[in-house]
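Colleague:
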Amino acid sequence: MTIIVALRYLVTSGAFAWATGIVRPGLYQGLAPQIRREIGWSLASAAIYGIPAGVVAWGWQQRGWTRIYTDFGDYPLWYPPLSVLLYLFAHDTWFYWTHRWMHRPWLFLRAHAVHHASRPPTAWTAMSFHPWEAVTGAVVIPALVFFMPIHVALLGLVLGIMTLMGITNHMGWELFPARLVHSRLGGWLITASHHQRHHENYQCNYGLYFRVWDRLCRTDRGLSSL
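Residues 666 to 891, numbered by the numbering used here, are exactly what the sequence shown covers, in order.
Spelled out as structure tokens, the structure:
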């Protein structure tokens, strides 16, 4: 599983870094040493993420311990899409509060500073974490599958969204059209314009997918101009 996580990171981040070179040529100019550090930390994170992922795969296939199911007929038609939203909201909630926790001075200096050493963040930054922080990110979705039913294909969708948002929120330019980012719906979603402000300000915009907790806790500081 560690190899799978590492390859997923290298392929997806590499693809978006390549796209950045086409869409915003020169954006990462002079950042080669930083990118090498990001890849090194990210591969270390992949090793950590692979452990609970392997436990889940083993527990599902060999023991039937998880709530992962394969037949859409097992639940009402309304449940599968709801399960995706529940997983994303639960992950977003965990991320918001652990992320704010990581910004406490003691933890920031010893762990989260690794992530913020990426100035500016790039398409390779998404998994660039100190091992302590990687542990907090690695456990939440694997823990959910033991309690909250989800179809195996939709679990893959959740992981895909997690990967996509993690990378695109850091790559330094806005992938999504302005009409979405500045729409009423966009006011509740996190994209690169929102997360870039976090990397500029540090004490705001802590969420991953949604701006719900940032708005409720008054830590939303709007969008950066990308």
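Glycine included, C-beta positions come from ideal geometry on N, C-alpha and C. None of the values given here were measured: they were computed from a predicted structure.
If you run the structure through DSSP and keep just helix, strand and coil, what is leucine 829?
Modeller: For the purposes of this step, residue 829 is taken as residue 164 along the sequence shown, with counting starting at 1. Leucine 829 falls in the helix class under three-state DSSP.
Colleague: Determine the closest residue to leucine 888 out of Gly851, Ala755, Trp878 and Tyr734, with distance taken between C-alpha atoms.
Modeller: Walking along the sequence shown from the start, residue 888 turns up at place 223. The shortest C-alpha separation from leucine 888 is found at Gly851.
Colleague: Please check the pair leucine 891 and glycine 837, which I expect to be a contact at CB under 8 Å, by giving their CB distance rounded to whole angstroms.
Modeller: Taking the first residue of the sequence shown as position 1, residue 891 is located at position 226. Taking the first residue of the sequence shown as position 1, residue 837 is located at position 172. The pair is a contact, with the Cβ atoms about 7 Å apart (cut-off 8 Å).
Colleague: With H, G and I counted as helix, E and B as strand and the rest as coil, what does DSSP make of histidine 816?
Modeller: Residue mapping note: residue 816 aligns to position 151 of the sequence shown, counting from 1. Three-state DSSP puts histidine 816 in a strand.
Colleague: By the three-class DSSP mapping on this structure, what secondary structure does phenylalanine 737 have?
Modeller: Position 72 of the sequence shown holds residue 737. Residue state, collapsed to three classes: helix.
Colleague: Ordered along the chain, which non-local residues of its own chain (more than five positions away) have a Cβ less than 8 Å from that of arginine 784?
Modeller: For the purposes of this step, residue 784 is taken as residue 119 along the sequence shown, with counting starting at 1. So the qualifying residues of the chain are Gln699 and His864.
Colleague: Tell me the rounded alpha-carbon separation between proline 745 and leucine 824.
Modeller: Here the question's residue 745 lines up with position 80 in the sequence shown. Here the question's residue 824 lines up with position 159 in the sequence shown. Roughly 15 Å between the two C-alpha positions.
Colleague: From the DSSP output, which residues share a beta bridge with leucine 854?
Modeller: Looking up residue 854 in the sequence shown gives position 189. Beta-bridge pairing links leucine 854 to Phe875.
Colleague: If you run the structure through DSSP and keep just helix, strand and coil, what is aspartate 885?
Modeller: Along the sequence shown, read from residue 1 onward, the residue named residue 885 stands at position 220. In the structure shown, aspartate 885 sits in coil (DSSP, three-state: anything other than H, G, I, E or B).
Colleague: Would you report the Cα separation of glycine 751 and phenylalanine 811, rounded to the nearest angstrom?
Modeller: On the sequence shown, position 86 is the one that residue 751 refers to. On the sequence shown, position 146 is the one that residue 811 refers to. Correcting the residue type first, residue 751 is leucine in the shown sequence and not glycine. Rounded to whole angstroms, leucine 751 to phenylalanine 811 spans 14 Å at the Cα level.
Colleague: Secondary structure at leucine 753, three-state DSSP: helix, strand or coil?
Modeller: Position 88 of the sequence shown, counted from the start, is the residue given in the question as residue 753. It is helical.
Colleague: Determine the burial state of histidine 893: buried for a count of at least 16 other Cβ atoms within 10 Å of its Cβ, exposed for fewer.
Modeller: Summary: the structure shown does not reach residue 893, with the chain confined to residues 666 through 891, and so no result is reported for it.
Colleague: Shortest alpha-carbon distance to leucine 820 belongs to which of Ile832, Leu708, Ser748 and Val877?
Modeller: Within the sequence shown, numbered from 1, the residue matching residue 820 stands at position 155. Minimum Cα distance to leucine 820 is reached at Ser748.
Colleague: Suppose you measure from the CA of proline 902 to the CA of alanine 684; what does that come to, to the nearest Å?
Modeller: An answer regarding residue 902 cannot be provided, because it is not within the stretch 666 to 891 covered by the chain.
Colleague: Using a Cβ distance threshold of 8 Å, determine whether the stretch 714-733 contacts the stretch 800-817, with at least three qualifying pairs required.
Modeller: These segments touch.
Colleague: If you pair each beta-carbon of the stretch 793-803 with each one of the stretch 719-730, do three or more pairs fall below 8 Å?
Modeller: No, the stretch 793-803 is not in contact with the stretch 719-730.
Colleague: Does the beta-carbon distance from serine 678 to phenylalanine 794 come in below 9 Å?
Modeller: To locate residue 678, count along the sequence shown from 1; it is residue 13. To locate residue 794, count along the sequence shown from 1; it is residue 129. Not a contact, by the Cβ cut-off of 9 Å.
Colleague: Does the beta-carbon distance from alanine 711 to valine 670 come in below 9 Å?
Modeller: Along the sequence shown, read from residue 1 onward, the residue named residue 711 stands at position 46. Along the sequence shown, read from residue 1 onward, the residue named residue 670 stands at position 5. Going by C-beta atoms, alanine 711 is nearer than 9 Å to valine 670.
Colleague: Excluding the 5 residues flanking proline 786 on each side, which residues of the same chain have their C-beta closer than 6 Å to its C-beta?
Modeller: The residue labelled residue 786 in the question sits at position 121 within the sequence shown. Only His835 and His864 meet the Cβ criterion.
Colleague: Would you list, in sequence order, the uninterrupted alpha helix (DSSP H) runs of no fewer than 4 residues that lie entirely inside the stretch 701-728?
Modeller: Qualifying alpha helix (DSSP H) stretches: none in this window.
Colleague: Work out the CA separation of tyrosine 761 and glycine 872 for me, nearest whole Å.
Modeller: Looking up residue 872 in the sequence shown gives position 207. Looking up residue 761 in the sequence shown gives position 96. Taking the straight line joining both Cα atoms gives about 5 Å.
Colleague: Return helix, strand or coil for threonine 770, following the three-state DSSP convention.
Modeller: Here residue 770 corresponds to residue number 105 of the sequence shown, with the count starting at 1. The amino acid at residue 770 is misidentified as threonine; the sequence shows proline. Helix, per DSSP.
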